[in-house]
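Residue numbers (our numbering), protein chains in the order written: chain A, 1 to 191; chain B, 192 to 372. Think of the CB as a built atom: it goes at the ideal place given N, C-alpha and C, for glycine as much as any other residue. Heads up: the structure comes next, in structure tokens.
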């Protein structure tokens with residue numbers, strides 16, 4: 001038996017405030033808790049990267065379509081092996097075009113090689129700061145990035161570029177608090 | 192039974208000293224080891240606290256066998272949604288076969304995958320029947336091997352969008368944040 005002294009007590013005739021804890025059930029409880037937690041433990045932490053297909057809804061003939069000026073969109077082209085091309089377009093009009101030299105940084109994570117593009121991430125962030133349209137924290141809309149790739153590119157390179165685009169964050173007011181959110185919403189070019 | 196003085200013994204000249212030594216410890220190391228209860232309980236409590244802190248109530252998202260997910264840093268937490276897995280050339284929706292990607296790979300053209308489209312559409316209809324007064328979230332989770340070609344990724348992505356799942360997420364392994372933000 002293990003003893004626990006909870007203090008006090010005083011003297012004489014008062015009942016002792018020391019109490020005993022039976023060690024055997026206590027150790028049993030700890031062992032069972034450890035076993036349960038070990039069995040239910042999740043050691044791999046998966047996450048997700050969001051993308052939006054931007055599928056338009058069917059046209060409604062009863063509602064008159066408003067003429068809305070098209071927003072600027074960032075087209076990220078990764079077809080070339082030696083450079084990325086960032087193109088800001090408004091509708092079909094090209095607003096600006098920037099070449100970013102392609103430097104694949106391969107990081108070893110566990111037994112896997114991870115491809116990252118830090119230069120691209122920095123350039124996209126500076127471009128968004130200069131030309132992004134939705135930077136006000138009260139604006140819930142995100143700027144649109146469209147990824148152009150050839151058919152043979154491996155998925156890990158796509159994720160590397162998407163990760164670089166999502167590195168640009170901005171403040172967004174979500175009712176009670178302001179949180180850091182990705183500045184872009186990403187979709188794929190159809191062609 | 193009363194205790195009596197021992198009488199003559201057979202082979203009394205054999206001393207049995209080795210038995211006497213064993214019983215009394217006799218200069219040898221004791222075979223019983225003592226364990227400090229305080230340290231043991233400390234260790235158990237620390238283990239319990241560590242496991243409780245790393246415990247995840249949401250459970251584990253099933254990952255298709257033979258699939259290596261790419262890794263990314265700027266990723267979001269998982270949500271509950273149908274999982275479309277692409278392993279080799281096989282497509283699985285929540286673990287059930289939903290066609291393959293051979294036609295897409297051979298033609299090297301982005302195209303709709305009919306079997307996947309029908310299965311996702313059925314899932315969407317079922318959700319609408321079971322949740323009649325709610326808006327369909329249209330979220331699907333793509334679990335794609337890191338070496339799959341972009342034409343397959345785009346075909347699956349577009350097929351999911353056309354089947355009513357325009358909000359697509361790619362499953363990745365989370366990389367620790369490098370501190371860029």
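Whole angstroms are fine: how far does the CA of residue 361(B) sit from the CA of residue 92(A)? Counting from 1 along the first chain, the entry for residue 92(A) is found at position 92. Counting from 1 along the second chain, the entry for residue 361(B) is found at position 170. Spanning the two alpha carbons is a distance of roughly 29 Å.
How would you label residue 326(B), buried or exposed, when you count the other beta carbons within 10 angstroms and need 16 or more for buried? One-based indexing of the second chain puts residue 326(B) at position 135. Residue 326(B) is exposed by the Cβ-count criterion.
Let me make sure I understand the geometry here. Which of 267(B), 297(B) and 260(B) has the alpha-carbon closest to that of residue 276(B)? Your numbering for residue 276(B) matches position 85 in the second chain. Nearest C-alpha to residue 276(B): 260(B).
Any beta carbon from chain B within less than 9 Å of residue 151(A)'s own beta carbon? Along the first chain, read from residue 1 onward, the residue named residue 151(A) stands at position 151. Closer than 9 Å to some Cβ of chain B, the Cβ of residue 151(A) qualifies, so yes.
For residue 132(A), would you say it is in contact with chain B, using Cβ-to-Cβ distances shorter than 9 Å as the test? In the first chain, the residue the question calls residue 132(A) occupies position 132. It does not; no Cβ of chain B falls within 9 Å.
Would you identify the three-state DSSP class for residue 257(B), choosing helix, strand or coil? Within the second chain, the letter at position 66 stands for residue 257(B). Residue state, collapsed to three classes: coil.
CA nearest to the CA of residue 81(A), picked from 117(A), 129(A) and 110(A): Counting from 1 along the first chain, the entry for residue 81(A) is found at position 81. Closest option to residue 81(A), Cα to Cα, is 117(A).
The region 348-367 of chain B / the region 38-54 of chain A touching (three or more Cβ pairs under 8 Å): yes
Proximity winner among 95(A), 77(A), 86(A) and 79(A), relative to residue 212(A) (alpha-carbon distances): Nothing can be reported for residue 212(A): it is not among the residues displayed for chain A, which extend from 1 to 191.
Tell me, please, whether the CB atom of residue 323(B) is closer than 9 Å to any CB atom in chain A? Position 132 of the second chain, counted from the start, is the residue given in the question as residue 323(B). Closer than 9 Å: no.
Determine, using beta carbons only, whether residue 327(B) comes closer than 9 Å to chain D. Any reference to chain D falls outside this structure, whose protein chains are A and B.
Should residue 174(A) go down as buried or exposed, given a rule of 16 or more other Cβ atoms within 10 Å for buried? What you label residue 174(A) is simply residue 174 of the first chain in a count that begins at 1. The residue in question, residue 174(A), is exposed, as its Cβ has fewer than 16 Cβ neighbours within 10 Å.
Per the DSSP calculation, residue 88(A) is bridged to which residue(s)? Here residue 88(A) refers to the residue found at position 88 when the first chain is read from its first residue. Residue 88(A) is bridged to 74(A) and 96(A).
I'd like to know if the region 159-172 of chain A and the region 307-326 of chain B are in contact, where contact means that at least 3 CB-CB pairs between them fall below 8 Å. no
Could you pull the start and end residues of the beta strand (DSSP E) that residue 146(A) belongs to? Here residue 146(A) is taken as the residue at index 146 of the first chain, counted from 1. Its beta strand (DSSP E) spans residues 143-148.
Three or more C-beta pairs below 8 Å linking the region 263-272 of chain B and the region 283-296 of chain B: no
Can you check DSSP and say which residues form a bridge with residue 187(A)? On the first chain, residue 187(A) is found 187 positions in, with the first residue counted as 1. Answer is 146(A).
Is residue 179(A) helix, strand or coil when you go by DSSP? Translated into the one-based positions of the first chain, residue 179(A) becomes position 179. Residue 179(A): strand per DSSP, three-state reduction.
Relative to the C-alpha of residue 188(A), which candidate in 84(A), 144(A), 98(A) and 169(A) has its C-alpha closest? Residue numbering aside, residue 188(A) sits at position 188 when the first chain is read from its first letter. It is 144(A) whose Cα lies nearest to the Cα of residue 188(A).
Considering only DSSP beta bridges, list what residue 109(A) is partnered with. On the first chain, residue 109(A) is found 109 positions in, with the first residue counted as 1. Answer by DSSP bridge pairing, in chain order: 112(A).
Along chain A, in chain order, which residues have C-beta atoms closer than 7 Å to that of residue 297(B)? For this step, residue 297(B) is matched to residue 106 along the second chain. Ordered by position in chain A, no residue passes the 7 Å Cβ test against residue 297(B), which lies about 12 Å from the chain.
C-alpha distance - residue 149(A) paired with residue 169(A), whole-angstrom precision: For this step, residue 149(A) is matched to residue 149 along the first chain. For this step, residue 169(A) is matched to residue 169 along the first chain. Going from the Cα of residue 149(A) to the Cα of residue 169(A) covers about 23 Å.
Applying a beta-carbon distance threshold of less than 7 Å, which residues of chain B neighbour residue 33(A)? For the purposes of this step, residue 33(A) is identified with residue 33 of the first chain, where counting begins at 1. Chain B residues near residue 33(A): 239.
Do residue 242(B) and residue 29(A) have their beta-carbon atoms positioned less than 9 Å apart in this structure? If you number the first chain from 1, residue 29(A) lands on position 29. If you number the second chain from 1, residue 242(B) lands on position 51. Cβ atoms of residue 29(A) and residue 242(B): not closer than 9 Å.
Taking only beta-carbon atoms, is residue 77(A) less than 9 Å away from chain B? Position 77 of the first chain holds residue 77(A). No, residue 77(A) does not count as interfacial toward chain B.
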